[in-house]
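So for the sequence shown, my numbering puts the first residue at 7; every next one is plus one. Worksheet: one structure, shown below.
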Amino acid sequence: MAVRLLIPTAALLAAWSYLSVWVPHPVAGLKVLGVDLLTFCKLFTGAQIPWPWQNPTFFVLPLAMTSLTLSQLGWFADAPGHWHRAVVWSVRLALWIASLYVALQILPLDWKPSNLFWTSNLLQTAGFAFCTGFALLAPLTSPLMTGLARWWIPPAALAAATAHAAFLVAYLPEFARLYRQPLQPGPGFYGTALGLAALIIASIASHPRPVDHLEWRKQR
C-alpha cells in the first residue's frame, strides 16, 4: 500500500520541484525555474544552445509525465480500508486538480487563444491538450493506465529525465556565461530527479490496480 501511494506522491514532488528553482541566483529576478526553460529554449539562439537541446520537447516531458501520472493513478489509487469515503474522494479530487494545474504549466507564459496554434507554440498546445484530455477522461482511461503503470511509467520517467541532461549539457553553462559566475543546479533540479527516480522504483516494485466500488465496500 505504501509503495502504491508513493507513485502519486513522487509525481507531486517531481512536478513541484520542476516549478521550483533550477538556476539559483541571489537576485530573485535572475532565478530560473525548471518550467522557465520552456521559454528560454525559444529565446536562445542555435549558437548559444546547440542542437538538439533547443527542442522544447525536453522540457515538456516532465510536466506531461507528472500530469498524466496524477490524473490516471491518482483517480483510482488504492486507499486504506479504514479511510472515510469523503477523505478518499477528496484526495483523488485534489490529485486530479493538481494534474490539470501541472498541464496548464505546459502552455506558453503569454498564451492566449490567438497564439496557441503558432508554429512555435504547437508542441506545448498539443502537450496541454493531451494531458487535459486524459484528465477529463480519467474515469474511463485510468483502469487501463493503472494496470499498465509498470510498463509506461519507467520509460516515461526516463524520457522526462532528458530535461536534466539538456540542462546540464547546454543551459547551465550558458547561464553561467551570461551571469559571469560559476553556477550549480538549484534544489528544484535535484527534487525533480528524486521524484522521477521514486516514480520508476515505485511503479516497478508495486503492481498498481484500480479499485472499484464493490471492492472498496468489501475493504470497509
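Think of the CB as a built atom: it goes at the ideal place given N, C-alpha and C, for glycine as much as any other residue. In this text, all values refer to a predicted model and were calculated from it rather than measured experimentally.
| Asked | Found |
| --- | --- |
| Member of LEU154, HIS170, PRO56 and ALA34 whose CA lies at the smallest distance from the CA of GLN78 | LEU154 |
| Closest Cα partner of GLN54 within the set PRO179, ALA132, LEU202 and PHE195 | PRO179 |
| Rounded straight-line distance, which links the Cα of TRP95 to that of ALA17 | 18 Å |
| Cβ-Cβ distance between PHE136 and LEU43 below 8 Å | no |
| Beta-ladder partner(s) of VAL97, from DSSP | None, per the DSSP bridge assignment. |
| Three-way DSSP call (helix, strand, coil) for SER209 in this model | helix |
| Residues near ALA21 in its chain [Cβ-Cβ closer than 6 Å; skip 5 each side] | THR72 and VAL108 |
| Buried versus exposed call for TRP28 [16 or more other C-beta atoms within 10 Å across all chains shown] | buried |
| Close-in-space but distant-in-sequence residues of the same chain around THR15 (CB under 6 Å, 5 per side omitted) | none |
| Coarse secondary structure for LEU115, derived from DSSP in three states | coil |
| Coil, strand or helix - LEU49 by DSSP | helix |
| Sufficient close CB pairs (3 or more, under 8 Å) joining the stretch 107 to 121 to the stretch 62 to 76 | yes |
| First and last residue of the uninterrupted alpha helix (DSSP H) at TRP158 | 155 to 166 |
| ALA83 - DSSP class collapsed to helix/strand/coil | Residue placement at ALA83 cannot be trusted, given a pLDDT of 49 that sits under 50; the coordinates are not used to answer. |
| Three-way DSSP call (helix, strand, coil) for VAL29 in this model | strand |
| Straight-line Cα distance separating ALA92 from TYR24 | 30 Å |
| Among ILE206, ALA208 and ALA182, the one whose alpha carbon lies nearest that of LYS37 | ALA182 |
| Which listed residue (ILE159, LEU143 and PHE195) has its alpha carbon closest to that of LEU205 | ILE159 |
| Inter-residue CB distance, GLY133 and VAL41 (contact presumed, cutoff 8 Å) | Not a contact, Cβ separation roughly 12 Å. |
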